[in-house]
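Notes follow the structure.
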Amino acid sequence: MTKLWPLICDNRRYSIRDGNACLFWKDQWCEGNSFLELNFNPNNILVSAYAIVKMLSKENEEWNIPLLQNILPPTILSSILAVPHPEMSLGSGIMIWNGEDSGRFSIKSAYAILANEKAWVSPIPWSIIWKWKGPENYKFHFWKASHDRLLTNGRKISWGLRNPDCPFCPGIEETTLHVLRGCPRASQIWNRILFLSEKDIVFNMDLFSWLRKSIERDWGWIQRGYWLTFFLTTLYFLWLWRNKTVGEEDFVYPVNHYVILLKKMHEI
Ligand SMILES: [Zn+2]
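Numbering (UniProt numbering), first residue to last: 1 to 268.
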């Protein structure tokens with residue numbers, strides 16, 4: 001067990017739920033990563049080293065964006081806002097184990113990781129995508145997203161574009177993960193589809209792990225056999241509608257986008 005301990009620490013993440021049990025800087029609650037600790041500045045008196053995540057949200061349970069902007073660079077802010085804000089009604093935060101789809105720890109999976117350290121970062125099972133009987137451009141879009149090649153404003157900044165912000169969220173950098181999962185237009189959909197125990201797992205995954213897991217297994221209450229179609233369709237349209245918003249003056253973002261996506265799924 002002593003041998004396993006460092007490995008356990010590296011492979012556990014937190015789902016913040018009410019945000020009371022999770023340490024903002026030290027616990028791995030954002031994209032399953034510990035990069036927040038690297039951004040901690042001991043001279044910053046606003047948020048102490050042992051602050052809990054809840055302290056970074058407002059009374060009405062939204063993220064406290066001005067405070068977050070004060071203590072973190074925009075790229076990281078975007079990662080944080082991809083995680084749903086703390087909510088009292090969800091109860092205490094829980095620990096998620098990377099080694100099992102269920103997120104529950106097991107000794108067996110810990111030894112499996114120990115035996116082959118990289119087993120859980122397996123590549124995306126591309127054969128599933130290529131065999132899927134749907135539009136080729138949906139597949140290509142997924143491929144681009146998984147290689148972080150979407151031309152988001154965050155990416156275009158290296159080409160001289162001044163403003164990296166999401167067209168819908170001023171002050172928040174537009175990354176691939178933001179467009180496809182964190183932006184309210186996207187998160188509304190995942191929030192409606194996923195069960196609470198799945199949200200615990202999905203919302204703090206990094207981009208690649210989330211895309212891979214979503215191909216490997218079904219999530220949410222989507223009708224059996226339709227998950228992959230729903231997932232690829234949703235990723236495709238989130239990006240298409242975002243591009244139309246930016247590029248077409250008379251385009252109106254669909255209010256009932258969730259219903260449209262379910263319809264599109266059945267049309268394939
Ligand atoms: Zn946004």
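The C-beta atom is built at its ideal place from N, Cα and C for all residues, glycine as well.
My output table needs one value for residue i: the three-state DSSP class, helix, strand or coil.
| i | result |
| --- | --- |
| Met-88 | helix |
| Trp-63 | strand |
| Arg-104 | coil |
| Leu-38 | helix |
| Arg-149 | coil |
| Met-265 | helix |
| residue 298 | Outside the modelled stretch of the chain, which goes from 1 to 268, sits residue 298, for which no answer is possible. |
| Arg-224 | coil |
| Ser-48 | coil |
| Asn-33 | strand |
With a CB to CB cut of under 6 Å and the five nearest residues on each side skipped, what residues in its chain are close to residue i?
| i | result |
| --- | --- |
| Leu-90 | Arg-17, Asp-18 |
| Ser-78 | Ile-172, Glu-173, Thr-175, His-178 |
Between residue i and the rest of its own chain, which residues show a CB-CB distance below 7 Å, the 5 nearest in sequence each way excluded?
| i | result |
| --- | --- |
| Thr-234 | Ile-189, Leu-261 |
| Thr-152 | Glu-174, Thr-175, Thr-176, Val-179 |
| Phe-105 | Trp-97 |
| Cys-169 | Cys-183 |
| Leu-194 | Val-202, Trp-219, Gly-220 |
Distance, Cα to Cα, residue i vs residue j?
| i | j | result |
| --- | --- | --- |
| Trp-29 | Asn-243 | 30 Å |
| Gly-93 | Pro-6 | 21 Å |
| Arg-155 | Ala-145 | 12 Å |
| Trp-219 | Met-265 | 15 Å |
| Leu-4 | Lys-131 | 38 Å |
| Glu-248 | Lys-108 | 53 Å |
| Phe-208 | Asp-250 | 34 Å |
| His-257 | Phe-237 | 9 Å |
| Glu-37 | Val-202 | 22 Å |
| Val-255 | Lys-263 | 14 Å |
| Arg-224 | Phe-231 | 13 Å |
Going by beta carbon distance, what residues of the same chain come within less than 8 Å of residue i, once the five residues before and after it are set aside?
| i | result |
| --- | --- |
| Ile-52 | Gly-19, Asn-20, Ala-21, Cys-22, Leu-23, Phe-24 |
| Leu-161 | Asn-153 |
| Lys-58 | Asn-64 |
| Ile-268 | Lys-133, Gly-134, Pro-135, Thr-229, Thr-233 |
| Phe-140 | none |
How about residue i and residue j: are their beta carbons less than 8 Å apart?
| i | j | result |
| --- | --- | --- |
| Asn-204 | Ser-15 | yes |
| Ile-71 | Val-47 | yes |
| Tyr-253 | Trp-241 | yes |
| Glu-181 | Ala-82 | According to the sequence shown, residue 181 is Arg rather than Glu. Result yes, Cβ atoms of Arg-181 and Ala-82 sit closer than 8 Å. |
| Arg-185 | Asp-101 | no |
Am I right that residue i and residue j are in contact with their C-beta atoms under 8 Å? What's the rounded C-beta distance?
| i | j | result |
| --- | --- | --- |
| Glu-87 | Glu-62 | The Cβ separation is near 10 Å, so there is no contact. |
| Pro-167 | Ile-157 | With a Cβ gap of about 14 Å, Pro-167 and Ile-157 do not count as contacting. |
| Asp-27 | Ile-96 | Rounded, the Cβ-Cβ distance is 11 Å, inconsistent with contact. |
| Ile-124 | Arg-212 | 5 Å |
| Ile-215 | Ile-128 | 5 Å |
| Pro-84 | Ser-187 | 7 Å |
| Ile-76 | Asn-41 | With a Cβ gap of about 13 Å, Ile-76 and Asn-41 do not count as contacting. |
Just checking: is the beta-carbon of residue i within a distance shorter than 8 Å of some beta-carbon in chain B?
| i | result |
| --- | --- |
| Leu-240 | Protein chains in the displayed structure number just one, and chain B is not present. |
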